[in-house]
Amino acid sequence: MKQISTDKAPAAIGPYSQALDLGNLVFASGQIPVDPATGLMADTVEEQARQSLTNVKNILAAAGLGMEHVVKTTVFLSDLADFAAVNAVYESFFTQPFPARSGVQVAAIPKGAKVEIECIAVRP
(Lines of atoms letter the chains of each structure in order from A and count residues from 1; the text may use other names and numbers.)
(Lines give C-alpha, C1' and ligand atoms only; values in the text may rest on other atoms or scores of the structure.)
Protein backbone atom coordinates (compact mmCIF):
# COMPACT_ATOMS: atom_id res chain seq x y z
CA MET A 1 0.00 0.00 0.00
CA LYS A 2 1.35 3.41 -0.98
CA GLN A 3 0.24 6.80 0.29
CA ILE A 4 -0.57 9.36 -2.42
CA SER A 5 0.00 13.03 -1.65
CA THR A 6 0.10 16.17 -3.77
CA ASP A 7 0.26 19.89 -3.08
CA LYS A 8 -2.24 20.35 -5.95
CA ALA A 9 -5.04 19.33 -3.59
CA PRO A 10 -5.72 20.46 -0.03
CA ALA A 11 -3.61 18.83 2.65
CA ALA A 12 -5.43 16.42 4.93
CA ILE A 13 -7.05 18.21 7.88
CA GLY A 14 -6.92 15.15 10.10
CA PRO A 15 -5.32 11.73 10.49
CA TYR A 16 -5.98 10.45 6.96
CA SER A 17 -4.31 10.28 3.55
CA GLN A 18 -5.34 12.15 0.41
CA ALA A 19 -5.38 8.73 -1.23
CA LEU A 20 -4.06 5.21 -0.88
CA ASP A 21 -2.76 3.21 -3.82
CA LEU A 22 -3.24 -0.53 -3.46
CA GLY A 23 -1.66 -1.32 -6.82
CA ASN A 24 -4.76 -1.98 -8.86
CA LEU A 25 -7.08 0.32 -6.89
CA VAL A 26 -6.72 3.90 -5.68
CA PHE A 27 -9.02 5.17 -2.94
CA ALA A 28 -9.20 8.97 -2.81
CA SER A 29 -10.49 10.60 0.37
CA GLY A 30 -13.40 12.99 0.17
CA GLN A 31 -12.35 16.29 -1.34
CA ILE A 32 -13.91 19.49 -0.14
CA PRO A 33 -13.70 22.52 -2.43
CA VAL A 34 -10.68 24.20 -0.92
CA ASP A 35 -8.37 25.76 -3.48
CA PRO A 36 -4.93 24.43 -2.46
CA ALA A 37 -3.20 27.59 -3.70
CA THR A 38 -5.28 30.01 -1.62
CA GLY A 39 -6.91 27.90 1.09
CA LEU A 40 -10.25 29.49 0.16
CA MET A 41 -13.60 28.12 -1.01
CA ALA A 42 -15.82 29.60 -3.70
CA ASP A 43 -19.36 30.63 -2.84
CA THR A 44 -21.55 28.80 -5.36
CA VAL A 45 -22.20 25.08 -5.30
CA GLU A 46 -21.19 24.86 -8.97
CA GLU A 47 -17.78 26.42 -8.29
CA GLN A 48 -17.39 24.24 -5.22
CA ALA A 49 -18.20 21.08 -7.20
CA ARG A 50 -15.68 22.11 -9.86
CA GLN A 51 -12.96 22.63 -7.24
CA SER A 52 -13.74 19.35 -5.44
CA LEU A 53 -13.51 17.46 -8.74
CA THR A 54 -10.33 19.30 -9.69
CA ASN A 55 -8.83 18.24 -6.36
CA VAL A 56 -9.84 14.63 -7.08
CA LYS A 57 -8.34 14.90 -10.58
CA ASN A 58 -5.05 16.22 -9.19
CA ILE A 59 -4.82 13.45 -6.60
CA LEU A 60 -5.43 10.83 -9.27
CA ALA A 61 -2.77 12.47 -11.45
CA ALA A 62 -0.30 12.10 -8.57
CA ALA A 63 -1.10 8.37 -8.70
CA GLY A 64 -0.56 8.30 -12.47
CA LEU A 65 -4.28 8.02 -13.23
CA GLY A 66 -6.98 10.16 -14.80
CA MET A 67 -10.70 10.66 -14.36
CA GLU A 68 -11.32 7.92 -16.94
CA HIS A 69 -10.02 5.43 -14.36
CA VAL A 70 -12.69 6.30 -11.79
CA VAL A 71 -15.14 3.45 -11.23
CA LYS A 72 -17.10 4.77 -8.22
CA THR A 73 -17.79 8.14 -6.65
CA THR A 74 -19.72 9.32 -3.65
CA VAL A 75 -21.07 12.88 -3.69
CA PHE A 76 -21.95 14.39 -0.33
CA LEU A 77 -24.20 17.48 -0.43
CA SER A 78 -25.26 19.76 2.39
CA ASP A 79 -28.50 20.35 0.44
CA LEU A 80 -29.90 17.73 -1.94
CA ALA A 81 -31.66 20.56 -3.80
CA ASP A 82 -28.19 21.32 -5.26
CA PHE A 83 -28.00 17.91 -6.95
CA ALA A 84 -28.89 19.12 -10.47
CA ALA A 85 -26.34 21.95 -10.35
CA VAL A 86 -23.60 19.64 -9.09
CA ASN A 87 -24.59 16.98 -11.63
CA ALA A 88 -24.05 19.43 -14.53
CA VAL A 89 -20.50 20.15 -13.35
CA TYR A 90 -19.85 16.49 -12.54
CA GLU A 91 -20.80 15.45 -16.07
CA SER A 92 -18.11 17.75 -17.53
CA PHE A 93 -15.37 15.76 -15.71
CA PHE A 94 -16.37 12.30 -16.92
CA THR A 95 -17.14 10.47 -20.16
CA GLN A 96 -19.03 7.30 -20.98
CA PRO A 97 -19.11 4.89 -19.34
CA PHE A 98 -19.73 7.11 -16.33
CA PRO A 99 -18.58 5.82 -12.92
CA ALA A 100 -21.06 4.26 -10.54
CA ARG A 101 -22.17 6.92 -8.06
CA SER A 102 -23.96 7.53 -4.81
CA GLY A 103 -25.26 10.97 -3.87
CA VAL A 104 -26.44 11.79 -0.38
CA GLN A 105 -27.39 14.78 1.72
CA VAL A 106 -25.48 15.08 4.97
CA ALA A 107 -25.97 17.28 8.02
CA ALA A 108 -22.65 19.09 7.58
CA ILE A 109 -19.43 19.00 5.57
CA PRO A 110 -16.06 20.16 6.98
CA LYS A 111 -15.35 23.89 6.81
CA GLY A 112 -18.98 24.61 5.90
CA ALA A 113 -18.57 23.32 2.33
CA LYS A 114 -21.64 22.57 0.23
CA VAL A 115 -20.12 19.51 -1.47
CA GLU A 116 -17.52 16.80 -0.89
CA ILE A 117 -16.57 14.11 -3.42
CA GLU A 118 -14.62 10.88 -2.95
CA CYS A 119 -13.75 8.19 -5.45
CA ILE A 120 -12.29 4.80 -6.20
CA ALA A 121 -10.18 4.41 -9.34
CA VAL A 122 -8.84 1.28 -11.01
CA ARG A 123 -5.42 0.93 -12.56
CA PRO A 124 -5.60 -0.65 -16.02
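Numbering (the working numbering), first residue to last: 898 to 1021. The C-beta atom is built at its ideal place from N, Cα and C for all residues, glycine as well. Note that the structure is predicted; figures quoted are calculated from it, not measured.
On the CB-based measure, 16 or more other CB atoms within 10 Å of its CB, does residue i come out buried or exposed?
i, result
"E1013", "buried"
"M938", "buried"
"L962", "buried"
Verify whether the separation of the beta carbon atoms of residue i and residue j is less than 7 Å.
i, j, result
"V968", "V1019", "yes"
"S949", "Q915", "no"
"A958", "C1016", "no"
"I956", "T992", "no"
"A960", "I910", "no"
"P996", "T970", "yes"
"A1010", "P930", "yes"
Measuring CA to CA, which of the options is closest to residue i?
i, options, result
"A946", "F973, T992, P1007", "F973"
"V953", "G920, P994, T941, D932", "D932"
"G1000", "A908, D976, G1009, L919", "D976"
"A978", "Y913, F990, V942, K905", "V942"
"Y913", "K899, Y987, F990", "K899"
"F990", "D940, L919, E965", "E965"
"R998", "P1007, A1005, F980", "F980"
What would DSSP say about residue i, mapped onto helix, strand or coil?
i, result
"G927", "strand"
"V986", "helix"
"G911", "coil"
"G920", "coil"
"K899", "strand"
Exercise for review: Could you tell me which uninterrupted beta strand (DSSP E) segments, each at least 3 residues in length, are contained entirely in the segment 934–984, listed from first to last along the chain?
Suggested key: 967–974
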